[in-house]
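Chemist:
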Amino acid sequence: MLERLAIQEITNNKKQMKKLMSFCKTNSRAFLTATGIAMLASSVCLGDARAQSFTNSGSVLIAQNLGGIVRKIPLEEVALPAMSSAKTATNAAFNQARIELKSDGSLIYILRGKNQQGFEVEVQVTSSGTIIQVDEQIEASGVPEIAVRAFKRWAPNDQLISTWRSTRLGEFYYQFVIRDFWLEIAADGNKVMIYRKKSIFSKNEAEGRRQEAGGRRVLRLNFLNA
């Protein structure tokens, strides 16, 4: 099962490379060189979230972040401490769950549902109930102006599908979902990450938002001093 997932992941990464190249060329003025793309393509593998990175003139960091094996599971299979902590932290009703197996054998539950305001919520939590990350859908008006400006700089002509606030270890990030990608921007606007969208939930899932979390098996670009 794990071998099949690994083969499928590598195939999917190759198929998505053309989309990523096109997006970056259009929205960031061809800042990725042919050498950088080749190095990214050759580094595809399945493993822990270890980024291979290199800098360009000290201002651009390109990294590929690959995580563990992820699969969808019934809510009944979620450890009780994990479910209890997630509900307490968000006051949400969860209707979908995934589990991620890290390379070190540890497990992370990724729970998705809606809060009392009707907004989507996604929580990463360990089997013992430790909250790692909380992503909450928010109104665009709730995003700091500095993060909005950074988003418009990298995707000036793309239609915004939804906006999210991500909380992890006391830090805030804001996520902007567009058609084929989603951008994650630090609250101060000085760090931008671009991810390709990929979902193992329903294909008809509302807003087609990215479903990677924690040690993600996704291609990631980090732009420092954006």
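The numbering of the sequence shown is our numbering, which starts it at 1425 and goes up by one. Think of the CB as a built atom: it goes at the ideal place given N, C-alpha and C, for glycine as much as any other residue.
For residue 1513, which of 1562, 1620, 1546, 1586 has the nearest alpha-carbon?
Modeler: What you label residue 1513 is simply residue 89 of the sequence shown in a count that begins at 1. Per the Cα distances, 1546.
Chemist: Beta strand (DSSP E) containing residue 1616: first to last residue?
Modeler: Position 192 of the sequence shown, counted from the start, is the residue given in the question as residue 1616. Its beta strand (DSSP E) spans residues 1615-1620.
Chemist: Can you find the residues in the same chain that come closer than 8 Å, C-beta to C-beta, to residue 1505, ignoring five residues on each side of it along the sequence?
Modeler: On the sequence shown, position 81 is the one that residue 1505 refers to. If we look at residue 1505 and ignore the five residues flanking it on each side, its Cβ neighbours are 1551, 1552, 1553.
Chemist: Does DSSP put residue 1554 in a helix, in a strand, or in coil?
Modeler: As a position in the sequence shown, residue 1554 is number 130, starting the count at 1. Residue 1554: coil per DSSP, three-state reduction.
Chemist: What's the C-alpha gap between residue 1605 and residue 1498?
Modeler: Residue numbering aside, residue 1605 sits at position 181 when the sequence shown is read from its first letter. Residue numbering aside, residue 1498 sits at position 74 when the sequence shown is read from its first letter. When rounded, the distance between both Cα atoms is 27 Å.
Chemist: Just tell me which of 1510, 1525, 1601, 1570 has its CA closest to the CA of residue 1588.
Modeler: Reading the sequence shown from its first residue, position 164 is the one you call residue 1588. Answer by Cα proximity: 1601.
Chemist: Give me the residue from 1520, 1516, 1533 with the minimum Cα distance to residue 1539.
Modeler: The residue labelled residue 1539 in the question sits at position 115 within the sequence shown. Closest by alpha carbon: 1516.
Chemist: For residue 1603, which three-state DSSP category applies?
Modeler: By one-based count along the sequence shown, residue 1603 stands at place 179. In this structure, residue 1603 counts as coil in the three-state DSSP scheme.
Chemist: In the DSSP assignment, find the unbroken beta strand (DSSP E) run with residue 1516 in it and report its ends.
Modeler: Within the sequence shown, the letter at position 92 stands for residue 1516. Taken as a continuous stretch (DSSP letters only), residue 1516 belongs to no beta strand (DSSP E), as it is neither H nor E.
Chemist: Can you check DSSP and say which residues form a bridge with residue 1548?
Modeler: Within the sequence shown, the letter at position 124 stands for residue 1548. Beta-bridge pairing links residue 1548 to 1534, 1557.
Chemist: Applying the 10 Å Cβ sphere with the 16-neighbour rule, what's the burial state of residue 1566?
Modeler: Counting from one through the sequence shown, the residue named residue 1566 turns up at place 142. Exposed: under 16 other Cβ atoms inside 10 Å.
Chemist: Go ahead and label residue 1535 buried or exposed: buried means 16 or more other beta carbons lie within 10 angstroms of its beta carbon, across all protein chains shown.
Modeler: As a first step, residue 1535 must be located in the sequence shown, where it is residue number 111. Per the 10 Å Cβ criterion, buried.
Chemist: Measure the CB-CB distance between residue 1544 and residue 1532 and report whether it falls below 9 Å.
Modeler: On the sequence shown, position 120 is the one that residue 1544 refers to. On the sequence shown, position 108 is the one that residue 1532 refers to. No.
Chemist: Identify, in the order they occur along the chain, each residue of the same chain with its Cβ nearer than 7 Å to the Cβ of residue 1612, setting aside the five sequence neighbours on each side.
Modeler: Position 188 of the sequence shown holds residue 1612. Result list for residue 1612: 1570, in chain order.
Chemist: Between residue 1583 and residue 1593, what straight-line distance do the alpha-carbon atoms span, to the nearest angstrom?
Modeler: Here the question's residue 1583 lines up with position 159 in the sequence shown. Here the question's residue 1593 lines up with position 169 in the sequence shown. Taking the straight line joining both Cα atoms gives about 30 Å.
Chemist: Grouping DSSP H, G and I as helix and E and B as strand, with all else coil, what is residue 1524?
Modeler: Looking up residue 1524 in the sequence shown gives position 100. DSSP places residue 1524 in strand when its eight states are reduced to three.
Chemist: Residues bridged to residue 1496 by DSSP?
Modeler: Counting from one through the sequence shown, the residue named residue 1496 turns up at place 72. Answer is 1522.
Chemist: Pop quiz: residue 1590 and residue 1597 are said to be a contact at Cβ under 8 Å. What is the actual Cβ separation, rounded to whole angstroms?
Modeler: Residue 1590 sits at position 166 when you count from the first residue of the sequence shown. Residue 1597 sits at position 173 when you count from the first residue of the sequence shown. Right, their Cβ atoms sit about 4 Å apart.
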